[in-house]
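Asker:
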Amino acid sequence: MLEVRNLKLYYRTLRGYVRAVDDVTFQVRDGELLGLAGESGCGKSTLGNGLVLLKPPMNFVGGEVQLDGEKLPIEDYERMRDYRFKKVSIIPQYAMDALNPTRKIGRYIEEILESRGINFESVRETLIERLRLVNLPERVLRMYPIELSGGMKQRMVMVISTLLNPSLLIADEVTSALDVSTQKAVCLMIRNFKELGIVKSIIFITHDISVLYQIADRIMIMYAGKIAEVGKTAQIIQNPLHPYTKMLLTSLPEVGVRYTERMLSGIPGQPPQLLEPPKGCRFKERCPLRDKVCDKDPPLVEIEEDHVAYCWKVKPNA
Amino acid sequence: MSEILFFALRNKKLKAGLSIVLFFVLLGLFGPLISKYKDPLEYVGPGYQPPSKDFWLGTTTFGQDVFTQLVYGIRSSFFVGLVGGGLATLIGLSIGFLAGYRGGLLDEMLMMLTNILLVIPTLALLIIIAAYLPYRGVLIQSIIIGFTAWPWTTRAVRAQTLSLKAREYVNLARISGRSTLKIIIYEIVPNMLSYVFMVFILQFGGAILAAVGLDFIGLGPTKGISLGLMMQNAVLWNAIQLGMWWWVIPPGLVITLIVGGLYFMNVGLDEVFNPRLREM
Amino acid sequence: MLEVVNLSKAYNVGPLGKEKFYAVDNVSFHVADGEIVSLIGESGSGKTTIGKMILRLIKPTGGKIIFNSVDIQSIKNRKEYYRLVQGIFQDPFSSYNPIFKIDRIFEMIREEFYPAITKEEWSKRVKKVVEDIGLNPSEILGKFPHQLSGGQLQRLLIARALLIDAKFLVADEIISMLDASTRIDVLNTLIKLKEKGLSVLFITHDLSLGYYTSDRTIILYRGSIMEYGDTVKVFKKPLHPYTKMLLESVPTTQKVWSNSYISLHGRNVLPSFCKFYDRCPLGDSTCKNVSFEKFEESHFVACVKVTGEGEHVA
Chain S
1 MLEVRNLKLY YRTLRGYVRA VDDVTFQVRD GELLGLAGES GCGKSTLGNG LVLLKPPMNF
61 VGGEVQLDGE KLPIEDYERM RDYRFKKVSI IPQYAMDALN PTRKIGRYIE EILESRGINF
121 ESVRETLIER LRLVNLPERV LRMYPIELSG GMKQRMVMVI STLLNPSLLI ADEVTSALDV
181 STQKAVCLMI RNFKELGIVK SIIFITHDIS VLYQIADRIM IMYAGKIAEV GKTAQIIQNP
241 LHPYTKMLLT SLPEVGVRYT ERMLSGIPGQ PPQLLEPPKG CRFKERCPLR DKVCDKDPPL
301 VEIEEDHVAY CWKVKPNA
Chain R
319 MSEILFFALR NKKLKAGLSI VLFFVLLGLF GPLISKYKDP LEYVGPGYQP PSKDFWLGTT
379 TFGQDVFTQL VYGIRSSFFV GLVGGGLATL IGLSIGFLAG YRGGLLDEML MMLTNILLVI
439 PTLALLIIIA AYLPYRGVLI QSIIIGFTAW PWTTRAVRAQ TLSLKAREYV NLARISGRST
499 LKIIIYEIVP NMLSYVFMVF ILQFGGAILA AVGLDFIGLG PTKGISLGLM MQNAVLWNAI
559 QLGMWWWVIP PGLVITLIVG GLYFMNVGLD EVFNPRLREM
Chain Z
599 MLEVVNLSKA YNVGPLGKEK FYAVDNVSFH VADGEIVSLI GESGSGKTTI GKMILRLIKP
659 TGGKIIFNSV DIQSIKNRKE YYRLVQGIFQ DPFSSYNPIF KIDRIFEMIR EEFYPAITKE
719 EWSKRVKKVV EDIGLNPSEI LGKFPHQLSG GQLQRLLIAR ALLIDAKFLV ADEIISMLDA
779 STRIDVLNTL IKLKEKGLSV LFITHDLSLG YYTSDRTIIL YRGSIMEYGD TVKVFKKPLH
839 PYTKMLLESV PTTQKVWSNS YISLHGRNVL PSFCKFYDRC PLGDSTCKNV SFEKFEESHF
899 VACVKVTGEG EHVA
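Chains as they are written, first to last, in the working numbering: chain S, 1 to 318; chain R, 319 to 598; chain Z, 599 to 912.
#1: Under a Cβ-count criterion, where at least 16 other Cβ atoms within 10 Å of its own Cβ denotes burial, should V180 (chain S) be classed as buried or exposed?
#2: Assess contact between the stretch 815-834 of chain Z and the stretch 867-876 of chain Z, defined as three or more Cβ pairs (one per stretch) separated by less than 8 Å. Is contact present?
#3: State the Cα-Cα distance for the pair I526 (chain R) and V398 (chain R), rounded to the nearest angstrom.
#4: Please name the residue or residues paired with H744 (chain Z) in a DSSP beta bridge.
#5: Evaluate contact between the stretch 574-590 of chain R and the stretch 332-346 of chain R, counting only Cβ atoms and requiring at least three cross-stretch pairs below 8 Å.
#6: Mind listing the chain S neighbours of Q852 (chain Z)? Cutoff is C-beta to C-beta under 8 Å, in chain order.
#7: Report the three-state DSSP secondary structure of R758 (chain Z) (helix, strand or coil).
#8: Between the Cα of G106 (chain S) and the Cα atoms of S:K87, S:D68, S:P145, which residue gives the shortest distance?
#9: Name the DSSP bridge partner or partners of F871 (chain Z)?
#10: Contact between the stretch 180-194 of chain S and the stretch 129-136 of chain S: three or more CB pairs below 8 Å?
#11: Any contact between the stretch 471-484 of chain R and the stretch 667-682 of chain Z? By contact I mean 3 or more CB pairs, one from each, below 8 Å.
#12: From the DSSP output, read off the bridge partner residues of T13 (chain S).
#13: Of all the CB atoms in chain S, is at least one closer than 8 Å to the CB of E771 (chain Z)?
#14: Note the first and the last residue of the continuous alpha helix (DSSP H) segment covering M843 (chain Z).
#15: Let me check understanding here. Comparing Cα to Cα, which of S:L14, S:I90, S:R139 lies closest to L275 (chain S)?
#16: Judging by CA-CA distance, which residue of R:L359, R:L375, R:T379, R:Y513 is the nearest neighbour of G365 (chain R)?
#17: Since P637 (chain Z) contacts I816 (chain Z) with CB under 8 Å, what's their CB separation in whole angstroms?
#18: Could you list which residues in chain Z have their beta carbon closer than 7 Å to that of I209 (chain S), in chain order?
#19: Tell me whether P539 (chain R) is buried or exposed, calling it buried when 16 or more other Cβ atoms sit within 10 Å of its Cβ.
#20: Would you mind telling me which residues of chain R sit closer than 9 Å to Y694 (chain Z), beta carbon to beta carbon, in chain order?
#21: Rank R:G542, R:L424, R:N509 by C-alpha distance to the C-alpha of Y453 (chain R) and give the top, closest one.
#22: Anything in the stretch 672-699 of chain Z with a Cβ closer than 7 Å to a Cβ of chain R? List those residues in chain order, please.
#23: In chain order, what residues of the same chain lie with their CB nearer than 7 Å to the CB of G612 (chain Z), ignoring the 5 residues before and after it?
#24: Taking the runs of the alpha helix (DSSP H) that are 4 residues or longer, which of them lie wholly in the stretch 428-455 of chain R?
#25: Find the nearest neighbour of G455 (chain R) within the set R:V590, R:A326, R:V401, R:F522, judged by alpha-carbon distance.
#26: Write down the C-beta distance between K645 (chain Z) and L818 (chain Z) rounded to the nearest angstrom, noting that I regard them as a contact closer than 8 Å.
#27: Does the Cβ-Cβ distance between K200 (chain S) and S176 (chain S) come in under 8 Å?
#28: Below 8 Å between beta carbons: does that hold for L99 (chain S) and V157 (chain S)?
#29: Sort Z:Y620, Z:P836, Z:L785 by Cα distance to R753 (chain Z) and report the nearest one.
#30: Can you check which of these residues, R:L457, R:I338, R:K330, R:L443, is closest to L571 (chain R) by C-alpha distance?
#31: Roughly how many angstroms separate the alpha carbons of N695 (chain Z) and I413 (chain R), rounded to a whole number?
#32: In chain order, what residues of the same chain lie with their CB nearer than 7 Å to the CB of G349 (chain R), ignoring the 5 residues before and after it?
#33: Give a yes or no on whether 8 Å exceeds the smallest Cβ distance from I493 (chain R) to chain Z.
#34: Select from the stretch 491-520 of chain R all residues with a C-beta closer than 7 Å to any C-beta belonging to chain Z, and list them in chain order.
#35: Can you list, in chain order, the stretches of the alpha helix (DSSP H) that have 4 or more residues and sit fully within the stretch 178-255 of chain S?
#36: Which residues in the same chain as F619 (chain Z) place their Cβ atom closer than 6 Å to its Cβ, once the five residues preceding and following it in sequence are excluded?
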């Protein structure tokens with residue numbers, strides 16, 4: 001179980017702080033796959049990376065993170081070494097490039113384990129079993145990364161990062177660069193890792209909400225560094241409440257929609273820049289429901305169990 | 319542009335490197351004017367003199383003024399750097415660019431030539447060429463160095479050109495009906511300027527070092543003075559054994575400082591131009 | 599308007615370049631006036647190569663491209679061709695030279711295609727098209743590329759093609775770098791232009807975008823066409839096992855994925871075999887020398903397993 005309270009992660013730039021993640025509170029329960037969605041620049045990747053690999057120019061500004069009741073020292077890169085890979089692991093956005101090109105994959109894994117003081121032989125069986133789980137032959141261990149396709153590398157990184165059964169796995173845009181057929185396979189494999197209890201919980205970061213509909217238990221929508229709405233997958237997809245979520249979902253072209261039948265429309269305007277974000281609701285500039293009250297910070301409204309939105313215009317049980 | 323200037327002014331390595339190099343440029347320019355003696359090879363006083371009021375850096379075994387030799391030597395070093403390094407940059411740039419941009423058979427041929435030159439030890443080539451020249455001046459030396467130092471630049475520039483050529487804005491210019499020449503001038507060259515600048519600095523330092531190497535093994539200019547020749551003479555006349563530190567140390571130290579300063583500049587510029595390396 | 603006939607692009611690979619790798623293998627299709635045709639394929643399908651060959655940025659090694667009844671390789675004057683055929687590339691950020699203001703992409707067109715028009719007259723025209731594609735000229739013009747968003751940059755590239763008054767547009771993955779909330783506006787712009795008579799080859803890996811936008815669809819796999827035809831027919835009644843697999847893999851918010859088996863391992867294709875043979879659940883020794891069969895009016899498929907009813911024989 002991951003609990004994040006009032007987390008603030010800012011980027012230091014010449015002109016000041018960019019508030020990429022600004023006062024974010026949420027939790028990921030055991031046995032849960034939380035989907036984290038939003039547009040580019042909304043802070044979703046910063047959040048995911050900040051929980052594991054927080055280093056400059058990213059700055060920890062405030063908040064608390066607890067994993068299984070234990071406080072995670074995310075602001076201390078060195079102390080996080082004890083947790084990284086063992087308790088919390090990340091598959092980074094460019095995981096395909098994460099493998100060392102000059103090492104055979106087996107040797108590379110050995111080195112990573114040794115650097116953590118773990119004997120390779122003791123996990124060998126697990127490794128081979130996991131490879132089978134993601135549909136990779138054992139011989140990949142004797143291959144160089146260049147001999148693997150993008151999808152294979154992606155699955156390899158997945159196996160490596162979950163080798164020590166971390167409690168929490170963060171998957172950052174892992175399927176964005178993959179073909180649709182590979183994407184489906186990798187997504188199902190990731191979910192399978194959770195169902196088999198290899199990891200207790202997963203944060204799956206993506207810009208593609210329809211992928212989350214396929215695999216997530218709950219979905220969290222971020223906009224401009226803040227949480228807009230959180231709810232069970234069905235609640236978010238079938239009954240979105242935050243105006244941003246609503247507009248985002250209606251702007252999705254999906255197989256089954258043609259312009260001749262229904263002309264979709266996007267969301268006019270741009271997300272605010274986060275150097276000096278506007279006061280109050282960050283979506284107000286693009287929101288059709290905007291009025292004066294939106295200049296104050298939006299309240300957290302609980303609509304039904306598990307389903308909350310940060311918006312003045314959402315009424316409980318409306 | 320202003321952003322680059324901002325980072326350039328903030329970068330400590332660049333500032334340090336630039337200060338060192340500028341100091342020696344000024345010394346090379348104005349040193350001969352403030353020195354009491356006008357000819358570095360003239361015997362102006364007694365030999366074996368340690369630094370004093372009359373001889374700021376002492377004298378050689380034969381009574382030549384070391385300071386005068388040093389400032390003239392700096393001049394010739396910068397000359398070699400400018401001409402030799404400039405020439406190498408120019409050749410490397412043209413060939414690398416042509417190979418990368420044109421591709422195909424021309425590319426293969428040019429790169430074969432480059433690779434052959436790259437594996438031949440430059441020093442050996444320099445020795446052979448230099449040894450057969452009856453008369454050698456600093457200019458000839460610079461040209462020889464320039465003509466042998468370009469291959470690695472060619473390879474680097476070719477790689478850079480290939481990468482720039484693949485950018486979509488080059489394709490966009492092409493489908494806008496632009497001629498090849500205009501595409502090169504407006505789309506590719508401007509984006510390579512920072513890179514060319516850095517290549518030149520490296521070649522500059524490299525040419526100075528190559529000249530010192532040649533001088534030291536006795537293939538330096540047959541007339542005039544240079545930092546390498548100073549070192550060669552100092553060693554030849556047992557300056558170290560005789561404890562004439564004022565003769566041995568200054569040329570070596572100056573070379574080290576100039577080349578070190580240039581490398582500092584290069585690293586600093588790399589950080590300025592490459593946002594990922596910028597220190598926050 | 600544009601016809602692609604037996605188009606191929608082979609690269610020499612292997613030791614001493616003795617083997618040939620076909621990035622595009624004997625592809626034929628056409629795009630009619632005022633039609634959007636989507637060319638759908640995954641990475642490595644050769645879709646971008648086809649687009650670049652149409653734009654004469656890559657030379658084909660076989661076949662030809664015919665534009666308005668003329669083989670494009672025989673058009674000596676490139677400008678003449680680019681006056682009518684234009685392209686937009688995948689990455690809007692890399693489509694602009696970062697050191698110049700964005701106005702330059704328009705100025706370039708005036709210099710090359712319309713040198714007779716005065717600067718004042720031209721800037722009026724530029725403002726007009728920028729407005730036409732739904733952007734505010736005073737907020738956009740005079741800016742540097744990094745000051746604008748991907749969606750704005752991409753739409754300016756459409757405006758650019760409009761200014762040239764091109765008749766045919768190669769749109770290569772033009773939305774893949776854009777966010778969900780802005781990508782649909784770019785698509786709608788394209789559709790409006792098509793209704794005014796522009797022909798578009800819409801290259802994408804995203805089936806939903808293809809379905810939303812195009813009149814006809816071509817499904818490409820490893821350099822070869824698997825199935826093509828009327829968009830609604832191809833999507834509503836997919837015939838080729840590859841098309842079926844693609845459609846089953848696309849994530850939507852309407853239907854949850856079935857747990858059907860997906861083979862991920864593609865081996866080298868044997869010559870004369872169907873390119874999908876090794877990943878195909880139905881693949882066997884009969885999957886050879888495949889040719890296009892007409893399944894229904896404007897719906898063709900290259901698969902030996904498809905019967906007249908559109909079912910597969912095992």
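Glycine included, C-beta positions come from ideal geometry on N, C-alpha and C.
Answerer: The answer reads as follows:
#1: buried
#2: Result yes; three or more Cβ-Cβ pairs closer than 8 Å.
#3: 6 Å
#4: Partner(s): none; H744 (chain Z) has no beta bridge.
#5: yes
#6: E254, G256
#7: helix
#8: Nearest C-alpha to G106 (chain S): S:P145.
#9: Paired residue(s): Z:K886.
#10: yes
#11: no
#12: Answer by DSSP bridge pairing, in chain order: S:G16.
#13: no
#14: It spans 839-847 - the alpha helix (DSSP H) in which M843 (chain Z) sits, taken as one unbroken run.
#15: S:L14
#16: R:T379
#17: The sequence shown places Leu at residue 637 (chain Z), rather than the Pro named in the question. With 8 Å as the limit, L637 (chain Z) and I816 (chain Z) qualify as a contact, their Cβ atoms being about 5 Å apart.
#18: Listed by position along chain Z, the residues whose Cβ is nearer than 7 Å to that of I209 (chain S) are T851.
#19: buried
#20: E486, Y487, L490
#21: R:G542
#22: R676, K677, Y680, Q684, G685, F687, D689, S692, S693, Y694, N695, I697
#23: The answer is none, since no qualifying residue turns up.
#24: As far as the stretch 428-455 of chain R is concerned, its whole alpha helix (DSSP H) runs of at least 4 residues are 440-450.
#25: Looking at the Cα atoms, R:V401 is the closest of the given residues.
#26: Indeed, because the Cβ distance is near 6 Å, the residues count as touching under 8 Å.
#27: no
#28: yes
#29: Z:L785
#30: Nearest C-alpha to L571 (chain R): R:I338.
#31: 24 Å
#32: V389, I392
#33: Cβ-Cβ to chain Z under 8 Å: yes for I493 (chain R).
#34: A491, R492, I493, S494, G495, R496, E505, P508, N509
#35: 180-195, 209-215, 233-238, 243-250
#36: Y609, V611
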